[in-house]
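One structure is given here, and the rest of the page talks about it.
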């Protein structure tokens, strides 16, 4: 068992999160994918903090949580307001703007 | 510098948790029901919290449970309820090549990130025993309020923005006078007095009431045997989830008069008389 | 034991003023009666931005005399490029704020209340009741705060948080357009989702860099760059991801896809604000990261940065040519400009810093001015009701004869975009391109010159349209009209136009200042 | 008055006037045109003062630098704005302001019935100011400012009557083609920056000996591309004909006398670069030769009087280019021809405008004929211009064109024969098409309905133009007649230019000079004779609508025409057709192709912008993966 395992896990979670943004039409699910990506970055930070014996990684991860929480509020508010207008939270329905 | 020994227990913990977490994360790609996904992700978050604690980040582990599982994921679930809890999503892809691109980029990312960390000659882990001497929360707090105090203050702006934003997108000011029960009742009577229909005065019917159709998605039946659309809540109607009332003929043929679906159900109800 | 950090309050004044104004603005929403809210908010915001500008100027003189330094335990840097970018940012914000606050025919450009479902009766009521979404002002102030911190951020965490502080209000503001609510909300959703996506990449880059150096402070990263053997994969991947996050904000190809959609859907005044100001902030941060952390990586990052710069210039130009919507055309033109600006970043030449900042000022003035004008050109239906903006290019035909002043100033901004001499755009291109040549990036300069020559085509097409084409006759009797403003937009446009000309004819004073700022504190 | 002040004012006055006229708007409608004239005249007076002050100083001091301000201080690559007052620039000053002022006066009457006359004068003033900046600039950067300025003004003026779409299209075509040329100039400037580190004339020329020939050739060709765009030289010539859509005074000022000659100015000014790059220099000469034949042949085919004159301008500038490409021996001749051409061609354009004025804006020469009876002054002044361009001694054109033909025959190997031959044949064709133009317009039977004959169409009442129009024409005609001879007295003009063009020993052409002169005159006479036979002695067919009935006599004429055509015209027609084809298919095709290519790529790229945010996400994600691969390629 090595700390690298955590890092690889984080990489896998990050990739899965990014794929979710690309394949899921439901904006809420896509957004959860983004959240997963942020969490993967947090895991990386925490692991590196332990590796370097330096707590700032943990502190950064903590701030990321705060940022993510604020982002979630805004994001869900936007999704809800769009849902109220269109009756749908599908990303593919929001495709009026194009060239 | 003291090295770090990683206990065998931690290894076991990792190998149990990690596959579960990946599985949970994969629900993002393959599960159909949004609620299932949300719950799976909440599970992944808990898994992460455990890993944080294993990584000597006690404070963060607790914060993870509180912030993510407790607040963020609940907010997600709340919104999912709002937009339709049981809506399922068709997983057929409409954009040509999108799946391939997604698979390609996800695999690419995973391989590249994995390669970067495995190929790197990482330094010998130090561990946080020294840094956490005064307990992890205290040590983290010292850093937050010294080196990172500016970032800390700045997140305040973020939270205010979030609050203002959510409020302005969702909060409606009341325009005009407040309508209470009394004014409603008086208005109804007034309309009745002005020659309106008597049905204006009484309450509107609720949704279907009997037997197997006593659910919120079945419209009520009026005296003439027609469905009363307004009896179903707006939410269900908007989502298109109300059920169609079977026609009177169908029911009668099947020996199913209105409101009594089963043959063995008591007969002789009002509905039967109407039929006759 | 805990040692309370030393906080340089004086140096923080610009940020504090804006943050304070934003917070007070939120309180104003709560306590000031609706009738006077807008006026109070406008006065508060304008004063705050102006005050911050004064404060930045003061700090500039201080830094000139006592030299650059770090603030608040190394979270921020107070140095020439940061202060200069902040000054440019505040000037542009002030102008953009005037456009945002402007009301034509008694309406501002924002939905009466964002919570109303578009087309609902409630929305009608709100419109009749004269509601106004005055939260726009504190949100703008928060965005400006984030932008102000962004160029000065000396560690990646502060940079990340500043990025979010500037982005979140913009996600919201993008969804508040008064007309075409559906498009506006869609713009908001797209901007938000892609923005969050890109900040996840930025964060992963941050984490990798942390893993590399054990710190996210730019100066410690810079020190660690040559030292660590065996871990340069982390360093390179981390730097690339951080740069990708910043490139998203500046709208560089292939991270540009949000730009046209969001520019088109967002309220026009907000588009002007974010096109001009976000670019300043993001480029300033990009400059700091590239110039401070990556000089030792030139060889490894060059193929990536060169490709992105070329793609950005070419794709921006080519796609601008085929657009039919005014805001989209300007959006792609902004993509192309991001490409030109990247030249100054890639140059890794001291003059590049000053050049880029000058270019940003020139571009920002023309951008705020032109979007201000776009917000005034409206569609009028057969019954004479003035509604949304006239987006389609054909609707701009013949405008030169009906509103010569508007058309001439718009043409001036277009000429500046095109880089015609005696406009600010030319001087900016000159400064950036010559820095790139000096930095050895002359093949890029050749591409840039070709791209800007081709770009002139669509700018000229709009000028031809305005001056030499008959206005179209629509079947449904609709037509294009220019609405009168309260005057705020007019003030902003005039300032932008005068600035554009002055920076083209006598740019030496400003160039001298930007040249002084061409050094980052390490 | 000091040179500094005079040089500054000479530019500032028209610029200010343009600004005042544009800012005051309709309020200045009443006096705007006279303000424009006054500004131009003031510039002219100042130019004469500058000329006198230079003449008053010894020849070696006749180059004065005027520092204006530090324009773009960008470290080592700083650019200052400054003027260079020397014989070359002052020659241009005189040409621009003098001819310009006359044309301003003419335009007062010509544009009288236009509601936007004030705006027209504002643009004219703007043009004059920009053109003066172009010739006065002491660096390529400031020259470029003027260069773009004249482009803009020309563009505004071509599209002045913007009510008509085709005019607007013409304006756009001119701008885009010029833009291609400008790109050349920009690249040349960039190369100078990269190699010399400066774009100021004196520093560049001082650094020339230290540069490799490869760089110099590249720079020279880039500058030539710029010159071709501005001067309508092959292969960027297509816009000039279309530019005739603008009001006639514009054609006279911009598309005959001044702006289109800016390319020649650029080449002559950059002489030191071209002398060190013989290949580039040869290309200049070849471009000139090709264009002079091209323009002349096209001129034979045009029925639109202004387009025929435009083709002729193209051809004459070809002569100048050819001369400029011959090196120091040709510079002075190029400028000399440019100067005389400015007078006689402007005069002829004004004459064409006068004809149009009297003929309800008709431009088709097949609808003219016999106008000499109705407009005496126009006929005589145009005739003088005609004689000048033909190169009949002692009119201006003889002195200048003859010198170029002689110089073209100087040299070794194939060059003198090819270049000189082109110049010689060009003179013959010029005589043919200019005579054709002259005869078709002023001689023969009237081919319009004058109320007495049976020609179809509305009745025309040709009449002489007002004095405001005829006086400038008379002045220019005097110039056409005498200027060349006067300036040739003691070769004073060449001595005057010597500080810039350098003193050149006389070279003997491969054919003796008297033979050349004789050959030229014989060819010219032949050209005139052919034109006379076809367009004066014979009846010129009116290109009437298809199916019109021709009389017996006309049929006989037609028969003659067929013969004429078989012997002379058919090969010519084929050539013309080929040229026209090359013009439309190849050049336009290339320009359009470039545009279409961009549009095509745009359409393809556009598909990526399909509105689906997930596609944008995919673009980003794939981008990130590629970036990581590129960055890590060497490490993993």
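Protein chains in written order, with the working numbering: chain L, 35 to 133; chain Z, 1400 to 1675; chain Y, 4 to 525; chain D, 424 to 1059.
The C-beta atom is built at its ideal place from N, Cα and C for all residues, glycine as well.
Any C-beta of chain L under 8 Å from that of residue i
i	result
residue 1058(D)	no
residue 164(Y)	yes
residue 787(D)	no
residue 458(Y)	no
Beta-carbon spacing of residue i, residue j below 8 Å
i	j	result
residue 14(Y)	residue 85(Y)	no
residue 746(D)	residue 849(D)	no
residue 1040(D)	residue 55(L)	yes
residue 954(D)	residue 862(D)	yes
residue 38(L)	residue 1516(Z)	yes
residue 294(Y)	residue 356(Y)	yes
residue 341(Y)	residue 98(Y)	no
residue 219(Y)	residue 160(Y)	yes
Interface flag, residue i vs chain Y, CB-CB below 8 Å
i	result
residue 857(D)	no
residue 408(D)	This structure does not reach residue 408(D), given that chain D is present from 424 up to 1059, and the question cannot be answered.
Enclosing beta strand (DSSP E) for residue i [first to last residue]
i	result
residue 490(D)	487–495
residue 79(Y)	79–81
residue 72(Y)	72–74
residue 134(Y)	Here residue 134(Y) belongs to no beta strand (DSSP E), and DSSP marks it neither H nor E.
Spatially closest choice to residue i from the options, by CA coordinates
i	options	result
residue 68(L)	141(Y), 119(Y), 203(Y), 10(Y)	203(Y)
residue 18(Y)	149(Y), 253(Y), 218(Y)	149(Y)
residue 481(Y)	399(Y), 77(Y), 363(Y), 431(Y)	399(Y)
residue 1549(Z)	77(Y), 199(Y), 97(Y)	77(Y)
residue 410(Y)	390(Y), 324(Y), 500(Y), 454(Y)	500(Y)
residue 234(Y)	1428(Z), 1639(Z), 1522(Z), 1433(Z)	1522(Z)
residue 117(Y)	55(Y), 180(Y), 323(Y)	180(Y)
residue 403(Y)	485(Y), 383(Y), 226(Y), 53(Y)	485(Y)
residue 138(Y)	299(Y), 27(Y), 348(Y), 338(Y)	27(Y)
Closer than 8 Å to chain Z by CB, residue i
i	result
residue 1037(D)	yes
residue 115(L)	yes
residue 129(L)	no
residue 16(Y)	no
residue 125(Y)	yes
Boundaries of the alpha helix (DSSP H) in which residue i is found, first to last residue
i	result
residue 90(L)	90–120
residue 127(Y)	124–131
residue 796(D)	Per DSSP, residue 796(D) belongs to no alpha helix (DSSP H) and is neither H nor E.
residue 503(Y)	491–508
residue 925(D)	Element bounds for residue 925(D): n/a, residue is neither H nor E.
residue 1621(Z)	Counting along the chain, residue 1621(Z) falls outside any alpha helix (DSSP H), and DSSP gives it neither H nor E.
is_contact[residue i, chain D] using C-beta, thresh 8 Å
i	result
residue 424(Y)	yes
Worksheet item: Enumerated in chain order, which unbroken segments of the alpha helix (DSSP H) with a length of 4 residues or greater are wholly contained in the stretch 629–716 of chain D?
Response: 636–654, 661–665, 671–675, 685–692, 694–698
Worksheet item: Which runs of the alpha helix (DSSP H) fall wholly inside the stretch 360–402 of chain Y and span at least 4 residues, in chain order?
Response: none
Worksheet item: What are the complete alpha helix (DSSP H) segments, minimum 4 residues, inside the stretch 142–182 of chain Y?
Response: 159–177
Worksheet item: Enumerated in chain order, which unbroken segments of the alpha helix (DSSP H) with a length of 4 residues or greater are wholly contained in the stretch 269–352 of chain Y?
Response: 271–276, 282–295, 301–324, 329–349
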